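Student: Anchor point for the sequence shown: position 204 equals 204 in UniProt numbering, and the numbering is continuous, going up by one each time.
Quick reminder that beta carbons are idealized off the backbone N, C-alpha and C, glycines included.
None of these values were measured; they are calculated from a predicted model.
Structure provided below as structure tokens; questions to follow.
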Amino acid sequence: MEISSKEHTHFFSNNTIVPVDRSSFKSESSASKEKQSCCGGIKIFLGALSFAYFAKALSGSYLKSTITQIERRFDIPSSLVGVIDGSFEIGNLLIIILVSYFGAKLHRPRIIGAGCLIMSAGTFLIAMPQFFMGRYRYERFPSTINSTVSLSPCLQDKSQTPLSALEKSQTKINAGCEKEGGSSMWIYVLLGNLLRGIGETPIQPLGIAYIDDYAVEENAALYIGCVQTVAIIGPIFGFLLGSLCAKLYVDIGFVDLDSVTISPKDVEWVGAWWLGYLIAGVISILAGIPFWFLPKHLPNPESRKDSSTSSEHSKFIIEENKDQRTSYWQQAKLAEMAKEFFPSLKNLFGNPVYILYLCASIIQFNSLIGMVTYKPKYIEQQYGQTSSKTNFVIGLINIPAVAFGIFSGGLIMKKFGIGVLGAAKLSLGSSFFGYLLLLSLFAMGCENSDVAGLTVSYHGAKPMTGYEEALFSECNSGCSCSKNDWDPICGENGVTYVSACLAGCQASNGSGKNTVFFNCSCVGTFEPSQSSSAVVGPCQKGNECPRMFLYFLVISVITSYTLSVGGTPGYILLLRCIKPHLKSFALGIYTLAIRVLAGIPAPVYFGVAIDTTCLKWGSKRCGGRGACRLYDSSALRYVYLGLTLVLGTVSIFFSVAVLWVLRKRSSPQDETLSASGERGTCGTKSRKDNFANSDQLIQSTYWPEKETRL
1 MEISSKEHTH
11 FFSNNTIVPV
21 DRSSFKSESS
31 ASKEKQSCCG
41 GIKIFLGALS
51 FAYFAKALSG
61 SYLKSTITQI
71 ERRFDIPSSL
81 VGVIDGSFEI
91 GNLLIIILVS
101 YFGAKLHRPR
111 IIGAGCLIMS
121 AGTFLIAMPQ
131 FFMGRYRYER
141 FPSTINSTVS
151 LSPCLQDKSQ
161 TPLSALEKSQ
171 TKINAGCEKE
181 GGSSMWIYVL
191 LGNLLRGIGE
201 TPIQPLGIAY
211 IDDYAVEENA
221 ALYIGCVQTV
231 AIIGPIFGFL
241 LGSLCAKLYV
251 DIGFVDLDSV
261 TISPKDVEWV
271 GAWWLGYLIA
281 GVISILAGIP
291 FWFLPKHLPN
301 PESRKDSSTS
311 SEHSKFIIEE
321 NKDQRTSYWQ
331 QAKLAEMAKE
341 FFPSLKNLFG
351 NPVYILYLCA
361 SIIQFNSLIG
371 MVTYKPKYIE
381 QQYGQTSSKT
391 NFVIGLINIP
401 AVAFGIFSGG
411 LIMKKFGIGV
421 LGAAKLSLGS
431 SFFGYLLLLS
441 LFAMGCENSD
451 VAGLTVSYHG
461 AKPMTGYEEA
471 LFSECNSGCS
481 CSKNDWDPIC
491 GENGVTYVSA
501 CLAGCQASNG
511 SGKNTVFFNC
521 SCVGTFEPSQ
531 SSSAVVGPCQ
541 KGNECPRMFL
551 YFLVISVITS
561 YTLSVGGTPG
571 YILLLRCIKP
581 HLKSFALGIY
591 TLAIRVLAGI
601 PAPVYFGVAI
611 DTTCLKWGSK
621 RCGGRGACRL
631 YDSSALRYVY
641 LGLTLVLGTV
651 SIFFSVAVLW
661 VLRKRSSPQD
671 ETLSASGERG
681 TCGTKSRKDN
691 FANSDQLIQS
701 TYWPEKETRL
């Protein structure tokens, strides 16, 4: 007992005599644990956010890969497909401001998790029309459908067609008219994409701001670059999934595939577009699960505790000092937070760098969104590639180049300690050289395929006007043909004919894909010495097309990389030019503007412009214009690339204005501070004693340190 008593006495006496050492030890231990907790927490969130980016990018890119499939399945023009694609941005528009402003003050990880679940519900809804519509029907001459009845394509006299065949054909048309209402089910695709947009809303503004709040300052750019780079894996898998599904027939599992008489090379081919949406929906559900187990706040890194730049949540973090006042978040109510909305909005739009960069981004995203949306269609129509090969090439070659470019931008920012001014220069340089490379693509196109009555006359001359009227000629004047049909055949003269009837074919042999047409009066008009036979399907593009396609891929990859290098510097420029507590709000407004002024209109007016280059429209069973079957290759190239380049050039002028304002407002010392690892704020000196005298971009009435003095 005496020994024990002495030990206790000695212990307490030591504890009393040297409180400084114990306090110091406790402080060091606490700091060590906090540092480990911070590092572990931010890395877990980084992984979860990366997977969420992967999920949303996969479903979004898969939609891009199925643009032509949806167009053909629902028999709608490109402009309407553009509206469907833009509905995703409309979903963002509905709640982006509320999520980005109020979400910053609530439990951000759980809001992101809820968004992932909503996103999955929308993805499942997109696939639903497949299970309620009738089977897909395509235009085919009766003899090419597996049948023992041999019919003459050129129906000089309808009495020569067996009555049973005519009745059967008419019955099918009537049945198709009864189910014509199924074509309006594209509305469910639109609604599903809109719901997917609502669910995706919180991922970017809340996720990026959360990382920027709790990551070590010098690692913030690298972390953001990593998130966006990992997210690029989503589009890679999205387009590869699109390539796989495009090879499978749309009604796989519902029809006998041996009875299908078209191949993936036909413009009427529709792949199993719906299958990928089911897979993407499951992935979105899995992506949302981790966020429900993440904390609302993470400990601030040691490097930020004494920094003049506060985190977005510092205004709402409770410090456990006994003399500290109660947190603003605990006192404020929803109505009081709402009162700050318009002053915050006014503050953002009073920042010239933010406004100019916003304008540059809006115009550039108009260019990029329109280009990416219709890139699969452009490759298919310009170079005669199948949907499957097009998606495979984009996913395996183009997207990795974008990923490498985004990662390179973040790595350059970290390695060379580039500040705000340097970020603006890097962003401008990548845009300038990227669009300069895009100019060369004008010389890498293919000529129009020779299609009788559309791109060439039946005698080999180029028709000037009246494409529909030019479909009829002396060689098929004795046939009862319809100009609305699209059932192309390839003559032995290398010319494609819209249908066997318009080619003047008198007989056919075989069935399905192996049908051969004989005695085609129009085929022999080019070179009478040649045989006048033809086979099912259009003729291939010219011999120079494969080489041009290879050149296009090389330049496209380099262009994608160059444009992507400026992605991360642009984000850093955006984050550093606004007040710290407005980061989520500023990113939300930025995202809102991109959605409204680029994401929604760009696919629509790009689609309208592309529709003007159509030479041959399909027709619906009960009348009305369907999807385009043939485009003017030259006109499509000039419209698609020209519109992209004009918008990109205008965005460069705004980027130059951003750089000019930054140079005017920034001092050399500001750039030195930013490059040395401190957080630059667009010309704002980060040291407290110089703050009042600095000529800064953000108004001098704002003092960042006051946000940490709660």
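For Ile-600, which residues from the same chain have a beta carbon less than 7 Å from its beta carbon, with the 5 sequence-adjacent residues on both sides left out?
Tutor: Gly-86, Glu-89 and Ile-90
Student: Taking the alpha-carbon positions, what's the Gln-331 to Asp-212 distance?
Tutor: Only weak support is given to the placement of Gln-331: the predicted model assigns it a pLDDT of 49, under 50, and the value that follows is read from those uncertain coordinates. In a straight line, the C-alpha of Gln-331 is about 26 Å away from that of Asp-212.
Student: If you measure between the beta carbons of Glu-380 and Thr-390, is that distance less than 8 Å?
Tutor: yes
Student: Are the CB atoms of Pro-538 and Thr-496 nearer to each other than 8 Å?
Tutor: yes
Student: Beta-carbon separation of Gly-41 and Ile-126 under 8 Å?
Tutor: no
Student: Expressed to the nearest angstrom, what Euclidean distance is found between the alpha-carbon atoms of Ser-431 and Arg-547?
Tutor: Their backbone Cα atoms lie some 27 Å apart in a straight line.
Student: Can you tell me whether Thr-612 is buried or exposed? The criterion is at least 16 other CB atoms within 10 Å of its CB, across all chains shown.
Tutor: Burial call: exposed.
Student: Could you check the C-alpha separation between Met-128 and Ser-533 for me, to the nearest Å?
Tutor: 43 Å
Student: In this structure, how does DSSP classify Ala-657 when only helix, strand and coil are distinguished?
Tutor: Residue state, collapsed to three classes: helix.
Student: Mapping DSSP to helix, strand and coil, what is Ser-143?
Tutor: Note that Ser-143 scores a pLDDT of 48, beneath 50, so its modelled location is shaky; the value from the coordinates is reported in the next line. Reduced to three states, the DSSP call for Ser-143 is helix.
Student: Rounded to a whole number of angstroms, what is the C-alpha to C-alpha distance between Leu-356 and Gly-276?
Tutor: 39 Å
Student: Which first and last residues belong to the beta strand (DSSP E) in which Ala-360 is found?
Tutor: Segment 352–373 is the alpha helix (DSSP H) holding Ala-360; no beta strand (DSSP E) there.
Student: Once DSSP output is grouped into helix, strand and coil, what is the label at Ala-627?
Tutor: strand
Student: Looking at Asn-519 and Cys-501, is the spacing between their C-beta atoms short of 8 Å?
Tutor: no
Student: Give the C-beta separation of Ser-367 and Thr-644 to the nearest angstrom, bearing in mind that I take them to be a contact with Cβ-Cβ under 8 Å.
Tutor: Correct: roughly 5 Å between the Cβ atoms.
Student: Assign Gly-384 to one of three DSSP states: helix, strand, or coil.
Tutor: coil
Student: When the Cα atoms are used, what is the spatial distance from Ile-262 to Ser-633?
Tutor: 23 Å
Student: Measure how close the beta-carbons of Phe-237 and Leu-117 come, nearest whole angstrom, since I'm counting them as under 8 Å.
Tutor: Between Leu-117 and Phe-237 the Cβ distance is about 21 Å, and since that is not below 8 Å, they are no contact.
Student: Would you check if the region 95–113 and the region 215–231 touch, i.e. whether three or more CB-CB distances between them fall below 8 Å?
Tutor: Under the three-pair Cβ rule at 8 Å, the region 215–231 does not count as touching the region 95–113.
Student: Could you spell out where the beta strand (DSSP E) holding Val-536 opens and where it closes?
Tutor: 534–536
Student: If the criterion is Cβ atoms closer than 8 Å, does the pair Cys-479 and Gly-510 meet it?
Tutor: no
Student: So within the region 578–651, which uninterrupted beta strand (DSSP E) runs reach at least 3 residues, ignoring any that extend past its ends?
Tutor: 614–619 and 625–631
Student: Check for me: the alpha helix (DSSP H) holding Ala-424 runs from which residue to which?
Tutor: 420–438
Student: Kindly list the residues whose CB is nearer than 7 Å to the CB of Gly-566, restricted to its own chain and excluding five residues on each side of it in sequence; keep chain order.
Tutor: Gly-409, Leu-426, Ser-427, Ser-430 and Ser-431
Student: Per DSSP, Cys-501 forms a beta bridge with which residues?
Tutor: For Cys-501, which the question treats as bridged, DSSP gives no partner whatsoever.
Student: Roughly how many angstroms lie between the CA atoms of Met-133 and Met-185, to the nearest whole one?
Tutor: 8 Å
Student: Got a sec? Which residues, its chain only, sit under 6 Å from Thr-455 by beta carbon, not counting five neighbours each side?
Tutor: Asn-448
Student: Leaving out the 5 sequence neighbours to the left and right, which residues in its chain are closer than 6 Å to residue 715 when beta-carbon positions are compared?
Tutor: Because the chain in this structure spans residues 1 to 710, residue 715 falls outside the shown range and cannot be described.
Student: With DSSP run on the structure shown, which of helix, strand or coil describes Asn-509?
Tutor: Collapsing the DSSP output to three states places Asn-509 in a strand.
Student: State the Cα-Cα distance for the pair Leu-587 and Leu-194, rounded to the nearest angstrom.
Tutor: Looking at the two C-alpha atoms, the distance is approximately 20 Å.
Student: Which value, in whole angstroms, describes the spacing of the CA atoms of Gly-384 and Gln-540?
Tutor: 7 Å
Student: If contacts are defined as beta-carbon pairs under 8 Å, then Ile-96 and Thr-201 qualify, I think. What distance do you get, rounded to the angstrom?
Tutor: A Cβ-Cβ distance of about 5 Å is found for the pair Ile-96 and Thr-201, placing them in contact under the 8 Å criterion.
Student: Sort Leu-244, Gly-494 and Trp-292 by Cα distance to Ala-114 and report the nearest one.
Tutor: Trp-292
Student: Could you spell out the range, first to last residue, of the alpha helix (DSSP H) harbouring Gly-238?
Tutor: 217–247
Student: How big is the Cα-Cα spacing for Val-255 and Arg-135?
Tutor: 8 Å
Student: Just checking my contact of Tyr-561 with Phe-404 at CB under 8 Å: how many whole Å lie between their CB atoms?
Tutor: 6 Å
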